[in-house]
Structure formats: structure tokens, C-alpha cells
Amino acid sequence: MMKWLVVFFSLFLMSFNAFAQALVEPESIEFGKKDAPRVLRIHSSIDLASFGPLIKGFVKRYPSIRVSYTDINTSELYKQTIKESAHPQASLVISSAMGLQIKLVNDGYAQTYHSYETDHLPSYAQWRHQVFAFSLEPVVMLVNKDHYPGPLPKDRQDVLQTIRQYSDFMKGRIGTYDIRQSGVGYLLASQDARQADTTWGRLIEAFGSHQVKTYCCTHEIIDDVASGKLVLGYNLLGSYAAQRVKEDTRLKMILPKDYALMVMRVGLIPKKAPNADDAGLFLDYLLTDSVQRRMQAETLMFPIQPNVMTKNTLNILGKSGPQRVVELDQQLLVGRDYAKQRRFIKSWEEALEIPH
Amino acid sequence: MWQKFLRRQKPNKGELVSESTPSLRRRFIIGGIIIISVIAALAINFVFEYSQRLADISYDRLLRSALLQMDENIGLMHNEVTIDIPWSAFATLAQANDDRVFYKVVSSSQGFITGYRDLNITPPKPPQLDKIQFFDREYSGEMVRFAWLERHLTESESTGTVRIIIGQTRLSREELSSSVTERAVEVVVMIALVAVALIVLGSQLVLRPLHRISRVLEERQPGDLTPINIKTPKETYHLKMVINHFMARLQTNLEQLENYTADAAHQLRTPLASLRALAENARDKTSPERQQEALENIVTQCDSLSQTVTLLLNQAVVSHRMQTNPKEPVDLLVPVTASCREQAITALHKGVSLSLEADVERAMVFGDAFALQQMMQNLIENAVRYSNLGAEQATEVVVRVEEFSNYYRVSVIDYGAGIPEEEKKRVFERFYRGRYDTAGSGVGLAMVKDIIDHHTANITILDTQPKGTTFQIDIAKYQSSNDSGSLL
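Below, the structure is given as C-alpha cells:
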């Protein structure tokens, strides 16, 4: 009986995956003039809402380049990049799943790029001159002020407290990434486990006993928090949350006081990529001061360049506790270790009481 | 003649330099540069290898540490060998900033556990359990440094071995080694340049005293042969001494020559004056018989003069030969016999019979045949001449050659008037003439003495019994290295 249930469930998951893939893959959006001689294909995990204005700025500055933008989930993006490695479609691959991007570089799928902008990046924001960060993302919690029971949480301990106190109410009202589907979700979970193993254990246990909902993508979590289906979204990318908080007064973004993870959005140019020159040009464009400033001014993303991080940025981040920047280096490979990954996902599934 | 030679030296200087081997200074500098370059090249080569080793040693430590951290985290879970790679293991490897990392963990019972499935390499040396091996292999398109370890599983429920392979590309190693090499090469090149500069400078300094000496000599008046009297370093003392010694010898020679020339002129003036007196006398004579007689006198005088000139010339030749020709082994009998033969007729004319008594076949001495012949000639002439003097005409001159244990004795024996005891010491003086009533220049015996000295021989003047003089010469045997034993 149990076995049948497992089979059924996995079949369901598989079909869901296939469905999601079919939905995402063909969607490519064009920017710039139709007759522009050069085409820059970007495969990215970033929502168009954040990236669109910047790409528009790019094609305006370089009218001879047309940008073809495809939004792909981080895990799919990784698999596709490897699958296409002999004849890549994408000139540029952008993702916030740093671990997967690092793995692509380590396994030799990326090419080297040098420019004034990339050479002046801080060492934690690039690796081997093959993968480059262009935005820094605080990892936040998002709450619905109207529905959250009790005082708003300042850190993870507060969240645990609330869950204990309002145990019945919180059931099914917490959302977070499905680490099996989302590369960035896995990255955040594994970094949480690395930073504070005990807290992470308690948190995941509490999530499991309160029927936490798992999602593939940030904006779905935010939608559900906004609608009141959820009261808490855990581990969301700060820039998405900040954008919605600006428009929706019911929402509040919280940078955990115990520690805040900072991840980066990173881009790489695949080996043998078509039009690699324009891919480099686009990276340089993202790293120029004016674009970095614009990212923060329009709350699209948080800039990576330290000189652009002004008081304004700090205001958005608020007065927070320690920040743990996940750096771009070989350590990220540990998170992608085959045995570790298997064990981590297994224990995550067990904790969340998800059958596998 | 000497002055002429001195004067010629200056214009010839350029020629001399161009003919000679490369300058001392240039040889010194070139030799120095070659040696320094070789040393520098060796040093750089050494540094190159050393820096490679150094880089490997330091980065192998990281690799070893990462491997040990991984090894520590191998364990059993549900009876299955597994590994929980610690973050710190890769934090260690991240110290090599830009180096890619590859690894694989395999167990003998389960096969692949984690890492890169296609990382199938074996170490170069036969694998040994519990021993970490390091080696370079190409993987994923790059040269990779691997650490390799296989060990027994120690958990009680498990058997077999587990193998960990971890590798790291060589970027940081190359960077470290090239930065070390670069620095070292800079230092080595700098030292080499300094050394070359010192050599150039040093050669200038070292050779300066020589230049000073040559300048002092150059600036001298042609006839100035006084010793060099400038202060120069100790090392040039010997050179200075040799030059001074040479100049002193030159000075002596010059003085001798001057004396000789003056004496010769003086010597020639007397017979010339007497010749003139005879000629005047002949002119004034009225009777043909008297005139005839006077002319006879002139002829005799001319013969005597001619003999003197010949003697002077011979002496000049002999002294020149003695200065220039090296001595060589000669058979003493050859010059002795030759001079006897030459003098025999002249002696007979004077009513003297010349005989040679030699009881040896060969008499090898070390010397100059021409000089020895001149010496014999003079002695025989002298003996013949003295045989004619005195109240009674002596009729015999004997030349005798005898062999002694390590010398030959040549005696020239006459039975003439003999030499008074007090004159014996002076006969060898130049232009000393015991008697003026006979032909002779007074040069002959002086030359004999020179030749004797040149051959480091001994000459003794003895009285012949019952009367007359014996010149006795002892001259060392020539001892060639081959037959010295037989002669002694």
C-alpha cells in the first residue's frame, strides 16, 4: 500500500516536472530591433521583472545587438548547459545557483573573459575569470503583516517561537524552496545547514511538523504570502521581495538578525558559446557604475560593486546582524558533492515528511 | 748602437701592440664575464628547479590536508560506506585561488561513492596501502596534481579498502614558482652585473701601476738609464727590479763599449803616429838604400797594425757571439787542432816548430767552438811571439791536451823569455803589454780571459822549466744526461 503511494507520488512529481519544463523552455523574449545584425542569447534564472529594464537599457546603448532572453529554472539551466556544451545556444548563462555555476566552471564548461570591469571585481565575486557576480542578494524572510500571528520575527529563533506558540495556525502557512527543484533553494538550504546546523535542524523539523509548502520559484511564494495563503516565506531572494514590498503594504521583508546569507547572481560564458564578445560586453554593461546604481535606485537588484553600495543600499538592508557572504570559490563544490547532496536531500525529505 | 735601438722603440710601439696577443685587461674581462655567465646560468637553472619543488612542497601540504580531512569523514551509514566531505577541506584547497578541484572516492566493496566518475587514474608507483602519493596527470584538459590514498576500512562491520583521489590544477603552483624564479633571477642578474662592473673597474685599477711604469719609461730621455724610482704596489716590485737590473746591465755594457772604443782608438793612434813618423822619415831620406830601408819599416808597421785591427775585430765578434750564441757541446780537439794547423806555418817562418800532444780521442766540453778557436789562436800566437824574444831563440812550442777525472787540461808551453812574476797578474788586463819591442796589441790575452770566463774555465800562468811560460787551461767536461755516468 505504502509502496503504491510512493510510486504514484513520484509519477505525479515527474509529470509535474515535465509540465513545468514544457512551460518554461520555449519562452524566449526578444529585445531590441528585429533587424539588428548581432544576437545575444541569454539563458537566465532571473525574473524578467528585475532584468527587463536593464536589458532594455543595453539594447538602447548598443542598437546593433538584439537580445534573446530565456528564463529557465536554475537546475534546468545547469542540465541544459551541460547537454548543449558541444554546441551551446546561449552566449551567456546567468543564475543565482552559485554552486551549480561554480561546478560548470570547475568541470570546464566556461570560457575565460577579461575586461577592465571584471578584473576589478573583488576576489569573492569572481572565480578563474570565468564566472562573475554582478549583484549581491540578501536572503530574507517575507511576512504578511495582516495575518502573521504575534509580533513580527526578527530572527530564526522568533520564527521557531511563533511556530510553537501558534502551532495550529501555522500549519500549511509557511513556504520555502523545494531544494530538489531549485538550485538556488538547495544552495540556501545547504548554506543554512553549514552556518548553523542546530538552528537549521530545529527549523526544518518545525517546518516538517507544520506541513510546510515547497515551491520551485520565488515569485510564487511571494504571491501566496501576499494573498494570505501563507504568512511566512523563508529564504527568499531579497531583490524580489523588496520589489513587492514597495508595492504591497501588507508585506514586510525581514533580514534575520542572527545571520543573513548573502548570495550573488553570477554569469558565465559557455565554452564555444556563439557571440562570446557580446556576452562579455553585456557583463561589462552590468558592472558599470551607472547600471549598478540603477539596479539599486529602481530596486531591481542589489549592486555588487562596493563603491556603489551607498547609504541607500544599507537603508534597504536595514540594520542587520552578521552577514554571511557566500563567496565564489571551490568550497561551493562541497555543496554539489554527489554523496552529500544525496544525503542532504534525503534528510530534508525525511524532515519535511515528504515521501521519496 | 744601443741608443739607436732605444730611439727606435717608440715609433714601433703601435706595431708591437697590434702584433701581440689580446690585451691583458680584455682577456681578464672576457674570461671573467664568461665565468660569471656560466655561474649565473647554473644558479638560475638551480633556482628554477628549486622553485618548482618548493611550490609543489607547499601546495602538496594543502592537498594532503584536504585529503586527510576527507579521509577522516569516511564512515558507515546503514551499513554503507559514505563520506561527508567537510566544507573546511575545500576551504583549504580554495587557498589556491583559481585552481580547479577534482576528486573521487571509491570503496572496494561498493565501487563509486562520490566525486568524478570518469577520474580513473593509477599512481606511477605501485600503490601502497596507507601511503599518500603525489603525482601529475592530465585531466579535463589541464595538468593536475593528484594526491592518492588507499586504506583499509577500520569499522568492524566493513571489510575491504577505500580509496580517495583528490587533485588540483597547477595554476597557483606555477604562479608561486615563477614569482620565486623571477625574484631570484633578478637578484642573480644584478649580482652578475655588479661582478662584471667590479672586474672592469678592478682590471683598470690593477693595471694602473703597469701603465704608470710604462709612462715613466716612455717619458724618459733616450739615454737615461737610471733606475725607476716611483712608488708602485708590492706586486710590481719584481717587474721594477728586473727592469732596473736590465737597465744596469745595459749601462755597464754601454760603459764597456765606450771604454773599449776609446782604448781602441788610443791603441790605433800610436802605431798610426809611428807610421806617419816612418813615412816622413822615408820621404826625407835621400839615398835610395835608406829610403828602401825606411819603406821596409813602414810595411812591417802596417802588418802589425793590420794584426791589431784583425784582433780587435775578432774580439768584437767573439764578444758578440758570447752574448748572443748559446753554448753547445763541442769537441775541444777540433778548435785546438784547427788553430794549431793554422799557426804551424807562421811559426815555422819564425823558426819555431809547433807540436800538438793529445792523448784523447775526443774531448767534449760545453761552449762555443769559434770562441775557443780564437782563444787557442791567441795563446799560440803569443807563445810563438815570445819564443823569438830574449837572447836565445827558442825553437819549440808544445800544445798539450790531457784528460782528468772531470775536466780537460790544455797547456800551451813555450821556452821563450818567460814572464816576470809581477807581470803575470797583469797580462790579462786590456791593452797591457809586457813589452813594447814586439808586435801585439795587448788585446789578445784580455780576450782569452773573457773567453775563459765565459766558459767558467780556469787559466793559470806557470813557468816552464828551465825557462819560458806555460798557459794552463782547465775546462770542465761536458756531461750529457745520457752518458754522465760513464764520464764520471
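Chains as they are written, first to last, in my numbering: chain R, 436 to 791; chain S, 3 to 490. All residues carry an ideal CB built from backbone N, CA and C; glycine is no exception.
Is there a Cβ of chain R sitting closer than 9 Å to that of residue i, yes or no?
i	result
residue 116 of chain S	yes
residue 99 of chain S	yes
residue 107 of chain S	yes
residue 103 of chain S	yes
residue 88 of chain S	yes
residue 84 of chain S	yes
residue 79 of chain S	yes
residue 53 of chain S	no
residue 142 of chain S	yes
I need the boundaries of the alpha helix (DSSP H) containing residue i, first residue and last residue.
i	result
residue 180 of chain S	173-220
residue 377 of chain S	371-389
residue 479 of chain S	Neither: residue 479 of chain S is in no alpha helix (DSSP H) and is coded neither H nor E.
residue 2 of chain S	In the structure as shown, chain S begins at 3 and stops at 490. Residue 2 of chain S is therefore absent and cannot be evaluated.
residue 268 of chain S	239-286
residue 292 of chain S	290-326
residue 622 of chain R	618-630
residue 463 of chain R	Premise fails: residue 463 of chain R lies in the beta strand (DSSP E), 463-466, not in any alpha helix (DSSP H).
Can you check whether the C-beta of residue i is within less than 9 Å of a C-beta belonging to chain S?
i	result
residue 475 of chain R	no
residue 619 of chain R	no
residue 769 of chain R	yes
residue 515 of chain R	no
residue 558 of chain R	yes
residue 778 of chain R	yes
residue 772 of chain R	yes
residue 783 of chain R	no
residue 635 of chain R	no
residue 564 of chain R	yes
residue 765 of chain R	yes
residue 540 of chain R	yes
residue 707 of chain R	no
residue 759 of chain R	no
What does DSSP give as the partner residues of residue i in its beta bridges?
i	result
residue 113 of chain S	S:109
residue 569 of chain R	In DSSP, residue 569 of chain R forms no bridge with anything.
residue 413 of chain S	S:402 and S:474
residue 465 of chain S	S:471
residue 561 of chain R	R:567
residue 500 of chain R	R:473
residue 460 of chain S	S:476
residue 426 of chain R	The structure shown does not extend to residue 426 of chain R, since chain R is modelled only from 436 to 791, so the question has no answer here.
Between which two residues does the beta strand (DSSP E) harbouring residue i extend?
i	result
residue 149 of chain S	144-154
residue 331 of chain S	330-333
Please state whether DSSP places residue i in a helix, a strand or coil.
i	result
residue 78 of chain S	strand
residue 675 of chain R	helix
residue 670 of chain R	strand
residue 705 of chain R	strand
residue 576 of chain R	strand
residue 583 of chain R	coil
residue 96 of chain S	coil
residue 688 of chain R	strand
residue 365 of chain S	coil
residue 699 of chain R	strand
residue 526 of chain R	coil
residue 513 of chain R	helix
residue 455 of chain S	helix
residue 486 of chain R	helix
residue 604 of chain R	helix
residue 648 of chain R	strand
residue 228 of chain S	coil
Kindly list, in the order they appear in chain B, the residues whose Cβ is closer than 9 Å to that of residue i.
i	result
residue 148 of chain S	The structure shown contains no chain B; its protein chains are R and S.
Cβ contact check for the region 759-769 of chain R and the region 80-97 of chain S: 3 or more pairs under 8 Å: yes
Three CB pairs or more closer than 8 Å across the region 516-524 of chain R and the region 125-141 of chain S: no
At least 3 beta-carbon pairs within less than 8 Å: the region 311-322 of chain S vs the region 336-351 of chain S: no
Inter-stretch contact (C-beta, 8 Å, three-pair minimum) for the region 497-509 of chain R and the region 474-482 of chain R: yes
Segment contact, 8 Å Cβ cut-off, at least three pairs: the region 602-617 of chain R with the region 644-654 of chain R: yes
Contact the region 163-180 of chain S vs the region 141-149 of chain S: 3+ CB pairs below 8 Å: yes
Validate contact between the region 388-402 of chain S and the region 342-356 of chain S using beta carbons, cut 8 Å, 3 pairs: yes
Segment contact flag, the region 567-587 of chain R with the region 670-683 of chain R, C-beta cutoff 8 Å, min 3 pairs: yes
Inter-stretch contact at 8 Å, needing at least 3 Cβ pairs: the region 622-635 of chain R / the region 768-787 of chain R: yes
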